[in-house]
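Asks: So for the sequence shown, the UniProt record's numbering puts the first residue at 1; every next one is plus one.
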Amino acid sequence: RTAQHLYEEGYITYMRTDSVSLSNEAIQASRNVIGARYGNDYLPEKPRTFKTKVKNAQEAHEAIRPAGSSFKAPDELKGILADSEWKLYDLIWKRTLASQMKSAKLQMTKVDITDGSAHFEAKGKVIKFPGFLKVYVEDIDDPNQDRDDHENVLPALIEGMDLIGNLFNPKQHFTKPSPRYTEASLVKELENLGIGRPSTYAAIMGNIQKRGYVRKVKGALIPTFTAYAVVQFLERYFTDMVNLQFTANLEDT
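See the structure below:
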């Protein structure tokens with residue numbers, strides 16, 4: 001509903017699309033903002049293009065982006081849009097610009113530490129050039145804090161040097177099952193399987209809850225007894241209809 005309202009008010013383009021392609025108008029608008037706001041160092045020589053990985057993608061429309069030939073900055077819309085609308089517009093604006101910026105350059109380091117039969121490994125990561133990450137840290141009060149979230153800086157080390165362990169912080173880890181689907185991750189899985197359309201995902205999420213097939217607990221979708229009973233019945237008597245390829249094949253016909 002939030003995206004629908006932004007579209008109806010003329011702030012973003014048509015939102016029921018799987019496309020990851022931008023029109024020439026959008027690309028030029030993005031490059032104009034990037035050059036003016038961040039400098040030409042963040043502009044690739046040629047516009048960046050992408051191909052969708054979604055099966056049966058609906059690409060009649062371009063990717064969701066800020067509307068128009070010149071994008072309104074999120075700051076211009078503060079106080080005009082509702083909080084949820086502003087957050088979504090801010091996300092779309094940043095994502096659009098990031099897609100047309102240079103890649104970030106990272107320096108990766110791996111250190112192997114051995115002591116007898118014990119083996120330890122440390123990995124470091126330093127941002128040498130922020131690239132598209134720049135658009136995501138601009139509005140943070142302390143940009144270095146966000147950089148710290150992306151970086152893992154190792155101390156100065158020399159190959160073959162002896163190390164002294166002053167402090168050990170042991171942590172025990174257990175193998176965990178894959179997390180339950182949320183509405184967002186379930187929609188993503190449906191997209192990957194080629195099931196449904198952007199215009200139907202909201203209805204699917206609503207129907208499986210309204211009909212008592214799942215209940216939402218802290219964002220996770222938990223199957224109910226009804227769901228298990230229905231699936232077992234369908235698998236026994238209507239096998240083809242619960243085949244994951246069934247709906248995807250219908251989309252192809």
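We put the beta carbon where it would ideally sit given N, CA and C, even for glycine.
Return the first residue and the last residue of the beta strand (DSSP E) that residue 127 is part of.
Replies: 118-129
Asks: What's the gap between the Cα of residue 220 and the Cα of residue 13?
Replies: Their backbone Cα atoms lie some 30 angstroms apart in a straight line.
Asks: Does the contact criterion of 3 or more C-beta pairs under 8 angstroms hold for the stretch 28-39 versus the stretch 92-108?
Replies: yes
Asks: What do you reckon, are the CB atoms on residue 213 and residue 227 nearer than 8 angstroms?
Replies: yes
Asks: Tell me the DSSP bridge mates of residue 217?
Replies: 220
Asks: Compute the Euclidean distance between the alpha carbons of residue 196 and residue 187, then round it to the nearest angstrom.
Replies: Cα to Cα, residue 196 sits roughly 9 angstroms from residue 187.
Asks: So, helix, strand or coil for residue 80, using DSSP?
Replies: coil
Asks: Would a C-beta distance cut-off of 8 angstroms place residue 85 and residue 2 closer than the cut-off?
Replies: If you check the CB distance, residue 85 and residue 2 come in under 8 angstroms.
Asks: Name the two residues that bound the continuous beta strand (DSSP E) containing residue 111.
Replies: 105-115
Asks: By Cβ distance, which residues of its chain are closer than 6 angstroms to residue 108, with the 5 residues on each side in sequence left out?
Replies: 125.
Asks: Between the beta-carbon of residue 19 and the beta-carbon of residue 63, is there less than 8 angstroms?
Replies: Cβ distance < 8 angstroms, so residue 19 and residue 63 count as in contact.
Asks: Just to confirm my understanding: we take residue 23, look at its own chain, exclude 5 residues before and 5 after, and list those with CB closer than 7 angstroms. What are they?
Replies: 62
Asks: Do you know how far the Cα of residue 95 is from the Cα of residue 225?
Replies: 40 angstroms
Asks: Give the range of the alpha helix (DSSP H) segment to which residue 209 is assigned.
Replies: Its alpha helix (DSSP H) spans residues 198-210.
Asks: Per DSSP, what are the beta-bridge partners of residue 152 in this structure?
Replies: BP columns for residue 152 point to 125.
Asks: Output the boundary residues of the alpha helix (DSSP H) element that contains residue 26.
Replies: 24-38
Asks: Is there at least one Cβ from chain C nearer than 8 angstroms to residue 123's Cβ?
Replies: Reference to chain C is not applicable here, since this structure consists of a single protein chain.
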